[in-house]
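Here's the structure, in structure tokens; my notes come after.
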Amino acid sequence: MAQKYSYWPLAIFMAIVIVSAGGAGAYLYYHSKLSPTKPLLSVELGDNVTVNYIGYFGSGPQSGAIFDTSLWSVANNSNLKKSLEFTNRGSEAAYTPLGVHVGPTAPSGGYVVHNTTFNTVITGFWKGMLGMTGNVSRSISIPPSLGYGNGQAGCYQSNPLVYTIPTTNRIALSTFHTQYPNATAMTGAQFADPQYGWTDYVLSANASWVVVQYHPTLGQLSSPYGYPEQVTNISTASGGAGTITLTSLLAPSQAGLVLGKLPSSASTVCSANKFIVSSISPATNTQVWNFNAEVMGQTLVFVITVLNIYPGPNHTGGSAGSGGY
1 MAQKYSYWPL AIFMAIVIVS AGGAGAYLYY HSKLSPTKPL LSVELGDNVT VNYIGYFGSG
61 PQSGAIFDTS LWSVANNSNL KKSLEFTNRG SEAAYTPLGV HVGPTAPSGG YVVHNTTFNT
121 VITGFWKGML GMTGNVSRSI SIPPSLGYGN GQAGCYQSNP LVYTIPTTNR IALSTFHTQY
181 PNATAMTGAQ FADPQYGWTD YVLSANASWV VVQYHPTLGQ LSSPYGYPEQ VTNISTASGG
241 AGTITLTSLL APSQAGLVLG KLPSSASTVC SANKFIVSSI SPATNTQVWN FNAEVMGQTL
301 VFVITVLNIY PGPNHTGGSA GSGGY
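Counting from 1, one number per residue, gives the positions in the sequence shown under full-length UniProt numbering.
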């Protein structure tokens with residue numbers, strides 16, 4: 001005879017499980033409505049915030065080039081386009097998150113929170129951070145008026161593309177030793193010119209003065225300012241005291257893309273010895289050297305990632321937890 005089983009205990013057990021689960025779900029739903037999650041801490045005026053960032057040019061000939069970053073992986077990546085004045089700080093230890101005080105002013109020396117110093121930054125940077133939460137990235141575009149400004153008009157210098165220099169240079173003995181540290185101030189001495197690269201001779205020398213004579217060859221290439229020029233004429237009139245003509249080989253399409261440098265013997269312009277060739281016009285035989293920092297007069301784009309937020313004394317929203325996100 002077949003054994004009979006009762007299904008009633010199993011049915012009762014399943015009903016209890018279903019009722020219990022439904023009750024738990026209703027409890028969680030009800031209490032989630034009564035106790036909503038606290039909003040995340042977001043950046044407000046007066047906060048101190050650590051961020052990682054990548055700064056690009058958003059306009060001009062260098063558009064898309066990186067001019068600064070807090071990330072070693074970006075700085076040390078040769079496949080990423082860098083700006084003319086980008087400087088690799090040399091080691092991973094030199095790249096750390098930036099401490100930003102969110103606001104227009106900070107005390108001398110900045111604020112120090114958790115052994116990190118927080119200072120003011122350009123207006124467009126800290127204003128672009130407002131409302132951001134931790135571990136969130138944002139791309140912000142900053143016009144010159146909220147960045148580094150348009151630069152100083154007096155830091156632009158116009159120079160000819162084709163110019164002449166004398167074949168001889170009479171200089172004081174002390175200046176000679178500064179300009180030619182490896183040369184001997186003795187008649188007949190021969191050495192490579194540190195600025196032009198061609199051969200120089202000491203034509204005459206005494207206790208006070210040295211006369212140096214340049215000896216380039218026609219067609220010789222020279223880079224006295226960091227970019228190529230060519231010797232296109234040599235005049236030896238007046239017993240050798242003639243002129244040398246140099247012609248820049250830069251094309252108009254290179255405007256804004258060439259970084260030049262003054263020789264060590266030249267005086268700085270606007271406290272700078274580097275410049276960007278911002279204009280090239282063969283028709284007017286002019287080139288313009290811009291001694292302003294390259295970030296001036298440009299729209300800048302920053303990709304910012306917020307790492308930690310330390311609320312300021314007037315912070316109003318969000319949950320700070322232990323004081324930092």
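From the three backbone atoms N, C-alpha and C, an ideal C-beta is built for every residue, glycine too.
Values in this document were obtained by computation on a predicted structure and should not be read as measured data.
- Message: Can you confirm whether the region 146-161 touches the region 287-296 when touching is taken to mean that 3 or more C-beta pairs between the two stretches lie within less than 8 Å?
- Response: yes
- Task: Give every residue of the same chain whose Cβ lies closer than 7 Å to the Cβ of Pro97, excluding the five residues on either side of it in the sequence, and list them in chain order.
- Result: Thr50, Val51, Asn52, Ser70 and Leu307
- Are the beta-carbon atoms of Gly55 and Leu257 separated by less than 8 Å? no
- For the beta strand (DSSP E) holding His101, just list the boundary residues, first then last. Leu98 to His101
- Task: In angstroms with no decimal places, state the Cα-to-Cα distance between Thr87 and Ala75.
- Result: 8 Å
- Item | Burial state of Gly109 (16 or more Cβ within 10 Å) | exposed
- Item | Chain-order list of residues whose beta-carbon lies under 6 Å from that of Leu10 (same chain, five-residue window excluded) | Reliability of the predicted coordinates at Leu10 is poor, the pLDDT of 38 falling under 50, and no value is obtained from them.
- By a C-beta neighbour count over all protein chains shown, 10 Å radius and 16 as the cutoff for buried, is His101 buried or exposed? buried
- Query: Alpha carbon to alpha carbon, what distance is there between Pro252 and Leu161?
  - Reply: 11 Å
- Message: Please classify Met132 as buried or exposed, where buried requires at least 16 other C-beta atoms within 10 Å of its C-beta.
- Response: buried
- Can you give me the start and stop residues for the alpha helix (DSSP H) that Gln179 sits inside? Leu173 to Gln179
- Strand pairing of Gly46, partner residues [DSSP]: Bridge partners of Gly46: none, in fact.
- Query: What are the uninterrupted segments assigned as beta strand (DSSP E) that are 3 or more residues long and contained completely in the region 245-301, given in chain order?
  - Reply: 259-261, 274-281 and 286-290
- Query: Starting from Ala75 and walking both ways along the alpha helix (DSSP H), at which residues does that stretch end?
  - Reply: Trp72 to Ala75
- Enumerate in chain order the residues of its own chain whose CB-to-CB distance from Ser63 is below 7 Å, with the five nearest sequence positions on each side excluded. Phe57
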